[in-house]
Amino acid sequence: AAHMATDALGLGMALLAVHVAARPPSDTATFGYARAEILAALANCLLLLGVGGYVVYEAVRRFMEPAQTDGSLALVVGVVGLVANCVSLGLLLRGQEESLNVRGAFLEVMADALGSLAVIVSALLVWLTGWPYADTIASLLIGLMIVPRTWRLLRDTLHVLLEAAPRGVDLAEVRAHILGTPGVRAV
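Taking my numbering, the leading residue of the sequence shown gets 19, the next gets one more, and so forth.
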């Protein structure tokens, strides 16, 4: 339930940011609200790092103190989660190339979809064999999948927030091109 609430919060932030970013400039926000999306991407990254770190922590703890899992209930939750995540992925697919904010939401849902698959497999293993570590291993894999992807997204987000030069742009070449324009003396 807490994980679903976190997902809903992350998606809600992403959608709200898209709405806010579409607002036109005003007297107080003379450049507009486009940065709302990058701020939401940052918040989503921090949220995902927290969730991923907690999932890894809990998985390690459960290796030391195995807990019994209800395989049939986990299977139902996994299937419902997978269907919901696939629908969400379809909705976010197109926008993820245009916005770090939407890309963050897309990655969150993608991780959840893969997590749902891991839950389904581990639930079947627990249900059919009673092996208590199946769920723990699935949780660890999910956490280890979330953290590195989120770290890369956080790095890209901070790159934009710090207004760094776009990757792949040769500033010396840009400077030389500008200086080649008649009337330009310095850059």
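Built from N, CA and C at the ideal position, the CB exists for glycine as well.
Of all the options the options, which has the alpha carbon lying nearest to the alpha carbon of residue i?
{"i": "W145", "options": "V105, A92, N119 and R80", "result": "A92"}
{"i": "R173", "options": "N62, L162, V127 and G89", "result": "N62"}
{"i": "A136", "options": "V127, S157 and G122", "result": "S157"}
{"i": "G30", "options": "D45, V192 and G122", "result": "G122"}
{"i": "E181", "options": "E191, D88, R53 and G113", "result": "R53"}
{"i": "L64", "options": "E191, P166 and L132", "result": "P166"}
{"i": "G28", "options": "P84, G68, G186 and L143", "result": "G68"}
Between residue i and residue j, what straight-line distance do the alpha-carbon atoms span, to the nearest angstrom?
{"i": "Q86", "j": "P150", "result": "6 Å"}
{"i": "V73", "j": "A35", "result": "27 Å"}
{"i": "A32", "j": "V120", "result": "6 Å"}
{"i": "V38", "j": "E115", "result": "19 Å"}
{"i": "Y75", "j": "M82", "result": "11 Å"}
{"i": "P43", "j": "A194", "result": "34 Å"}
{"i": "T46", "j": "G113", "result": "28 Å"}
{"i": "E191", "j": "V105", "result": "44 Å"}
CB-CB under 8 Å to residue i, same chain, minus the five flanking residues each way: which ones, in chain order?
{"i": "L118", "result": "E55, I56, A59, L171, D174, T175 and V178"}
{"i": "L111", "result": "F124"}
{"i": "L189", "result": "A183"}
{"i": "F49", "result": "P43"}
{"i": "L132", "result": "I160 and M163"}
{"i": "L109", "result": "none"}
In chain order, what residues of the same chain lie with their CB nearer than 7 Å to the CB of residue i, ignoring the 5 residues before and after it?
{"i": "I196", "result": "V202 and V205"}
{"i": "S134", "result": "G96, G99, L100 and N103"}
{"i": "G161", "result": "G70, V73, V74 and A77"}
{"i": "A141", "result": "G89, A92, L93 and G96"}
{"i": "G148", "result": "none"}
{"i": "G186", "result": "none"}
{"i": "Y51", "result": "V38, A39 and R41"}
{"i": "L143", "result": "W149 and A152"}
Considering only their Cβ atoms, is the gap separating residue j from residue i smaller than 8 Å?
{"i": "L66", "j": "T168", "result": "yes"}
{"i": "I164", "j": "G70", "result": "yes"}
{"i": "L159", "j": "V127", "result": "no"}
{"i": "D25", "j": "D130", "result": "yes"}
Might you give, ordered along the chain, the residues of its own chain that have their beta carbon closer than 6 Å to the beta carbon of residue i, omitting 5 neighbours on each side?
{"i": "V139", "result": "none"}
{"i": "P84", "result": "P150"}
{"i": "R80", "result": "T154"}
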